[in-house]
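Structure first, commentary second.
Protein chains in written order, with this note's numbering: chain A, 601 to 911; chain B, 601 to 911.
Structure (structure tokens):
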């Protein structure tokens, strides 16, 4: 098994790669394999559920959240197998949220990363269940002995992910997003919405490495602060893609926010100021990493990548 | 606080009540209060999400699963506050599954316990999110320090609930239920479907008391075996209600299975044999409780209640 070789540490090796695209793709591949193993196909009559879960997670995403977990775990010399399980669990939660978000009653999207969305492919009922199952499975993975021998760590991971994904986090942010369709939000409201909807999951992906590594509070807070700024930069970049991106490259419908009359960072700030703000946030994010010195270079690279990406 | 009085133990007291209806209602009330406290209303703009979550859980259900947790925890002298948190978490999972099950893409039900279903009241998008949020919140509650000081117990509870509720449990059973609409299942297939769809959550509700009480494997297995038989008896009783029940008393549409052409225990066995089978299962369930002697009387009462209920 790729990550099981005791003489070779994936996380250390990834840190030595100089080309960030290779680094990101390599870790994405390890995450994909981990997801495949955690979601094994079987012959039982309900196999279609697993098929839909796999379809929803194994779709060639960039795996930015898992990368954050792997890179932050690397700071504390966490065993790669453990970091990969946590990275996979967080990606399951991210993907379940996309499946439910794409449903006709929600954003009603037919395309995701250039492919039919889960409900287009498997039907609405199966897509709802596949989302539910991915969310549940994520917690099973975190609570599993293989994630960490210390139950305190496992229980902390569950708590952190549940808070980030629940009504005070991601789902609360999606609720705000529904409200944003009928009410025009101002800048602080949009910032809060985005922090909840995407920022908190990004933050927990980063903090997970610190939890796994039993890092000091200082290190954990530094990663949280980094992730907080990164999350906003990420969202501004997403809003810019929705305005400027090409549907084919982005792999989903663009111009949606404007069409829905939703206020975004870009509609409130304009393209130029939004771009400047994202760059500023990335600089700020990286400053929080100073205490890790060059060990955190891959997190700095990711921050730079996030605002340069074209999809 | 009702359950915080150190001189008075709710679980011990409940065991002394001779009228089972009072016992069940009393413990349901304690569960309701716990749910209300865990799902506090707030003034944030996304409050509608909490409102929908509360609507979905605080609807006067019989709280059979929470009762199982409380009664099984009582066997091991678990502190009532801890048992109530676990009972509430399991009920959140049960209620989230009802919210998603009632959606137009799933069973398309307008009524639940005599009230408009969550999506009728709050709209489909909010109902989907409320279900997601309840599921996530359940894991947050289990992982919380207040649930048990030993992180091993918290992590075990998360694992047990995730397995029972996930693709190999409840959600897998719901997938089978969708398949049952287009394929006629035979007796072993129906049994497997029901074990997954309702039996596993009932089993984890029972086992949770043993996990909280750090019970022996023998005690845990006995509770599991009890719950296994109880779960099937419960489902047969449900099928009988669907055939014989009065819509007004049952509080939801009846005759649905027949209309959908779904095979059930009743359609396969006929009313008389199904009733006899349920009674047999209840006797069998109670035999597994022998090692607890009279301490398990409330679990025996519940088993008897389950097949006598009219709603």
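All C-beta atoms in this analysis are idealised placements derived from N, C-alpha and C, irrespective of residue type, glycine included.
Owing to the predicted nature of the structure, the values given are computational and were not obtained by experimental measurement.
When C-alpha distances from residue 768 of chain A are compared across A:902, A:795 and A:889, the shortest belongs to A:795. With fewer than three CB-CB distances shorter than 8 Å, the region 713 to 724 of chain B does not count as touching the region 745 to 764 of chain B. DSSP, reduced to helix, strand and coil, places residue 785 of chain A outside both helices and strands of the structure shown, so it counts as coil. In this structure, the beta-carbon distance from residue 670 of chain B to residue 688 of chain B does not fall below 8 Å. Shortest Cα-Cα distance from residue 775 of chain B to any of A:753, A:647 and A:684 involves A:647.
Here the region 834 to 847 of chain A makes no contact with the region 811 to 822 of chain A; the two share fewer than three CB pairs at distances below 8 Å. Fully contained in the region 634 to 675 of chain A is no beta strand (DSSP E) run of length 3 or more. Using beta-carbon distances, residue 799 of chain A does not count as an interface residue toward chain B, since no partner is under 8 Å.
Judged by DSSP secondary structure, residue 777 of chain A falls within the alpha helix (DSSP H) whose first and last residues are 770 to 780.
With contacts defined as CB atoms closer than 8 Å, residue 839 of chain A and residue 798 of chain A fail to qualify as a contacting pair. Note on geometry: alpha-carbon atoms of residue 610 of chain B and residue 673 of chain B lie some 11 Å from one another. Along the region 616 to 649 of chain A, going in chain order, the ones with a CB nearer than 7 Å to a CB of chain B are 645, 646, 648 and 649. Taking 8 Å as the upper bound for CB-CB distance, residue 730 of chain A and residue 699 of chain A are in contact here, some 6 Å apart.
If you look at residue 692 of chain A, you'll find it in the alpha helix (DSSP H) that goes 680 to 702. Contact of residue 775 of chain B with chain A is assigned, a C-beta pair being separated by under 8 Å. The region 731 to 740 of chain A makes no contact with the region 704 to 716 of chain B; the number of CB pairs closer than 8 Å stays below 3.
In this structure, residue 877 of chain A sits away from residue 829 of chain A, with a CB-CB distance that is not shorter than 8 Å. Within chain B, the residues 700, 706, 767, 771, 772, 774, 775 and 778 have their CB atoms less than 9 Å from the CB of residue 729 of chain A, given in chain order. Non-local beta-carbon contacts of residue 834 of chain B in its own chain, meaning distances under 7 Å to residues more than five positions away in sequence, involve 798, 802 and 906 in chain order.
Here residue 716 of chain B carries a strand assignment [DSSP, helix/strand/coil]. Counting of Cβ neighbours within 10 angstroms places residue 732 of chain A among the buried residues, the total reaching 16 or more. In the structure shown, the three-state DSSP call for residue 889 of chain A is coil. Residue 675 of chain A places its beta carbon 8 Å or farther from that of residue 658 of chain A.
When C-alpha distances from residue 644 of chain A are compared across B:702, B:793 and B:612, the shortest belongs to B:793. According to the DSSP assignment, residue 844 of chain B belongs to the alpha helix (DSSP H) that extends over 817 to 844. Residue pairing by DSSP places residue 711 of chain B opposite B:716 in a beta bridge. Near chain B, meaning a CB-to-CB distance below 8 Å, the residues of the region 645 to 677 of chain A are 645, 646, 648, 649, 650 and 653. Taking C-beta separations shorter than 7 Å and ignoring five residues to either side along the sequence, the partners of residue 620 of chain A in its chain run 901 and 905, following chain order. Taking 7 Å as the cut-off between beta carbons, none of the residues of the region 887 to 906 of chain B comes near chain A. No Cβ-Cβ contact shorter than 8 Å links residue 624 of chain A with residue 693 of chain A.
In terms of CA proximity to residue 763 of chain B, B:800 leads the group B:783, B:800, B:781 and B:710.
Counting the other Cβ atoms within 10 Å of the Cβ of residue 871 of chain B gives fewer than 16, which makes it exposed.
Just measuring C-alpha positions, the residue of B:637, B:866 and B:668 sitting nearest residue 653 of chain B is B:637.
Interface flag for residue 868 of chain A against chain B is unset, since no Cβ pair is found closer than 8 Å. At a cut-off of 8 Å between beta carbons, residue 735 of chain B contacts chain A.
Contact of residue 804 of chain B with chain A by beta-carbon distance below 9 Å is absent, the smallest such distance being about 12 Å.
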